[in-house]
Amino acid sequence: MDKPKTKHNTGIMNKMRDKMPLIIIILIIAFLGTIIFEWGMNYLGLRGSQMVVFGKVNGTEIHYQEYETLLQRQVEQMREQNKGKELDEQTYNQIKEQVWNYLVQQTLKDQEMKRLGIAVSDQEILDWVFNEPESLPDWLKNNFNDSLGVFHAEYLQMAIQAPENKSKWVEIEQYLKKILQDNKMNSLIAASVSVSEGDVLQKYKDDNLKAGFSYLLFDPNTILDTTMFQVTNEEMQKYYDEHKEEFKQDEAVKFRYLIFNDAATAEDSANVKKLLEGYIKQLKTAVVEDSSLIKIINDESASPFNAEFQKPNALGRGVLNFLFGAAKDSVSSLIIDQDAYKIVKLLDSKEGEDTYVNASHILVNFGADTAAAKKKAEDIIARLKKGEDFDKLAGELSEDPSAKQNKGDLGWFTKGAMVKEFEDACMNGKAGEIAGPVKTQFGFHIIKVKGKSKKEFKIAEMKKPVVSSTRTKDIARKKAADFIKQLEEGQGSILSCNAGKKLSMDTLAKSLNMVSLVTPEVSKNGFLPGAGQNQSVIRFGLESGVDKIYGPVKVQNGYGVYQVMQKISEGYKNFDSVKVTMIKPKLQNKKRFEVMLKTATELKSKIQGNDLNSLSAAFPQYKVEKADSVSVGKPDQKMGLDYKVFNEIFKLKQGEISAPIKGDRGYFIVKIDWITPFNEQEYLAKQADIRKQMLMTKQQSAVQEWMQNLQNSADIEDNRDRLLN
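All residue numbers for the sequence shown refer to the numbering used here, where the first residue is 4 and numbers rise by one.
This is the structure we're talking about:
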């Protein structure tokens, strides 16, 4: 090893080396194991031809062993964070995807750094270790901390210079080189990013200048006369010819597919129920004082024991229904909550400081006519006062998308969780009362206050989610495999009339009372229904002929079978395939906006006394709306999150009425009621911090975009589903 160009005293170092404890050598050996488990075998040169090829990135192999090593390390870390609890399937799948993406991205990064000649010398590593040891990674420094947790750089430096550690240091050095190499690559990308003075000034204005204004919306969707925006075939053809690049398409494939569901069965649910009910007797006798209750929860529940008092909004609805009527030390029967099956023991309760409300609501959106929406809400209230069921009406009439499932039930919440108008109505209401219509930015709400409480609860919760058993998954996979076999053989044993004939996927699916589906056109790096961005399936489709079958492949809800249905060549989508679905709506919308611009321009001239209300009085279909304390960074949600509209608004002066401003929702005529002046001193004080934050954000985006571009152009072969299913 070359002598480092260091600032340390070698005489002192030699003296310290003589006194170096054996533990430092042991730490070095243990640390090497950490690198293998934490970062994969490739960093220590452990890739080899004897390993199973798990995938390829531009021809560079990714091996199963390094994937599995990284995966198990990440799983163990997550288990440690969860206090030893097993991971649910969703979390486990997320970790698998993260590990795969990491290996792909790291391989791409290595290839690009090699192409650009980005390297790190041994001397750079030594300079780092001896001259700036405090900036070394924590995973390295932590191995050379004393009993008080204080890092001793001299211990590390002695270990490095000890002859018996030479081979071990070489391996660690390779990983440190990797860090510096990555830093050089990221710095090279970040150096291409800059933030101008104008960018900083605009960011300050967007975040700090506020205004209150009145406005009128001219909504193109209110035009009912369809003759005003008819589109001819000639107009569509002209648009197609002039905008042909919009219709460019990559090579793509369409699949017919079928998914064999592996969701938890009634048998799986019954097994979890039986398992949980077996704990009831133990929970009744176990107590916190001798830790027996804590142990059983930590050992058996999906969530660890929580010794803190919990607020109502942190507990499931089924649990709360039990707790509000339970005595201390009571144990519930089986509770079926949305996230899991549970058995709960009430350990204690107390009155907290915050008031919590349990409420349901029915939402009526504003639509094109605010007055009509309010009338609809009032009619619903009248029906409720006559005795109709709130939950039933919420499921039938509420325009909140979640109401069909939850009947408008919002659960328990406290101040700050809802918009102010809604929150005030709930906090001021009494249990059992109906309030409304309450107007918020979302529409008119009819609110039922079902309960109010300050209670907090300390509980022991035995929790088990209902998940698919191995048996359930195996059955689903076998069904998919049998389906493929029968489809490929074409014997049609289920349909005797088809004996000896080749079956189509659709016909065979129908014989099983299932429905096969068809994907949209999927290109490389596209999204495949059911399977997401599964590159193996997509690659198979792009490279295989029509009718070829892929599967069984593990997908989100079971096991999928994909059959190539159609191949699409690279080029341009033909006119007939896009004129109705893409071109016609675009041209119709353009004509609607043109009509509405003409209307808005004409009506603006009729405003009297610089008062928007004068126009609303003459044309009641246009209502004056108010927006208060709005900034470009935090726009008014009723107007839509339309940056270009608010950017134009903040160019106006107080009292000025704008020309029609085009936004995504239509044209706005705006009058500024008040606007905060630009504060130059405040801007100068914040300027440096704003620039720093903007630069950091743009640099991060640049690195992410660079990596995304590498992935999009890479030839990635993903064989995970072949090896893991």
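Glycine included, each C-beta is placed from N, C-alpha and C at the ideal position. Here the structure is a predicted model, which means the values were calculated and not measured.
**Message:** Does residue 3 pass the burial test, meaning 16 or more other C-beta atoms within 10 Å, or should it be called exposed?
**Reply:** Since the displayed the chain opens at 4 and closes at 728, residue 3 lies outside it and no answer follows.
task = Measure how close the beta-carbons of residue 615 and residue 670 come, nearest whole angstrom, since I'm counting them as under 8 Å.
result = No, residue 615 and residue 670 are not in contact; Cβ-Cβ is about 14 Å, not under 8 Å.
What are the boundary residues of the alpha helix (DSSP H) that includes residue 706? 683-716
Review point. Any idea which residues DSSP pairs residue 313 with across the strands?
Key: 460
*asked:* Assuming contact is defined by CB atoms lying nearer than 8 Å, are residue 131 and residue 139 in contact in what I supplied?
replied: yes
**Message:** For the region 557-572 against the region 261-270, do three or more pairs of beta-carbon atoms, one drawn from each stretch, fall closer than 8 Å, so that the two count as touching?
**Reply:** yes
Check your understanding: With residue 465 and residue 303 assumed to form a contact (beta carbons below 8 Å), what rounded beta-carbon distance in angstroms separates them?
Key -> 7 Å
query: Rounded to whole angstroms, how far is the Cβ of residue 573 from the Cβ of residue 252, which I believe are closer than 8 Å?
result: 7 Å
- request: Please name the residue in 201, 175, 111 whose C-alpha comes closest to that of residue 188.
  value: 111
#### Entry: First and last residue of the uninterrupted alpha helix (DSSP H) at residue 158
156-164
*Leaving out five residues before and five after residue 610 in sequence, what residues of the same chain have Cβ atoms less than 7 Å from its Cβ?*
617, 618, 660
* According to DSSP, is residue 327 helix, strand or coil? -> coil
Would you check if the distance between the CB atom of residue 663 and the CB atom of residue 607 is smaller than 8 Å?
-> yes
Q) Nearest-angstrom Cα distance between residue 297 and residue 534? A) 41 Å
### Message
Rounding to the nearest angstrom, what Cα-Cα distance links residue 79 and residue 97 in this structure?
### Response
14 Å
| query | For the candidate residues 543, 676, 651, whose alpha-carbon lies nearest to that of residue 658? | reply | 676
(request) Have a look at residue 34 and residue 60 and give me their C-alpha separation to the nearest angstrom. (result) Any reading at residue 34 is ruled out, since the residue's pLDDT is 45, under 50, leaving its predicted position unreliable.
Tell me which residues share the same chain as residue 709 and place their Cβ nearer than 7 Å to its Cβ, disregarding the 5 neighbours each side in the sequence.
192
Return helix, strand or coil for residue 540, following the three-state DSSP convention. helix
Own chain, CB closer than 6 Å to residue 622, minus 5 neighbours either side, in chain order: none
Is it buried or exposed for residue 467, if we count other Cβ within 10 angstroms and need 16 for buried? buried
| In terms of alpha-carbon separation, which member of 571, 685, 692, 106 lies closest to residue 72? | 106
Could you pull out every unbroken beta strand (DSSP E) segment of at least 3 residues lying fully inside the region 186-269, listed in chain order? 214-221, 255-264
(request) Please work out which residues of its chain come closer than 7 Å, Cβ to Cβ, to residue 369, disregarding the five sequence neighbours upstream and downstream, and give them in chain order. (result) 376, 446
### Query
Taking C-beta to C-beta, are residue 668 and residue 643 nearer than 8 Å?
yes
Problem - Runs of alpha helix (DSSP H) lying entirely within the region 75-131, each at least 4 residues, in chain order - result: 92-119
**Q.** Backbone CA spacing between residue 115 and residue 521 [nearest angstrom]
**A.** 38 Å
Checklist line | Range covered by the beta strand (DSSP E) that runs through residue 63 | finding: 63-66
Taking all protein chains shown into account, do 16 or more other C-beta atoms lie within 10 angstroms of the C-beta of residue 415, making it buried, or fewer, making it exposed? buried
(request) Would you kindly work out how many angstroms separate the C-alpha atoms of residue 226 and residue 362, rounded to a whole number? (result) 38 Å
Going along the chain, which residues of its own chain have a beta-carbon closer than 6 Å to the beta-carbon of residue 713, five neighbours each way excluded? 111
My output table needs one value for residue 27: the three-state DSSP class, helix, strand or coil.
Low confidence applies to residue 27: its pLDDT is 41, below 50, so where it sits in the model is not reliable, and the reading given next is rough at best. Three-state result, residue 27: helix.
Which two residues bound the contiguous beta strand (DSSP E) that contains residue 358?
344-367
Requested in this report: Determine the DSSP secondary structure at residue 178, reduced to helix, strand or coil.
Outcome: helix
Practice problem: Kindly list the residues whose CB is nearer than 8 Å to the CB of residue 613, restricted to its own chain and excluding five residues on each side of it in sequence; keep chain order. | Solution: 658, 660, 674
| Grouping DSSP H, G and I as helix and E and B as strand, with all else coil, what is residue 648? | helix
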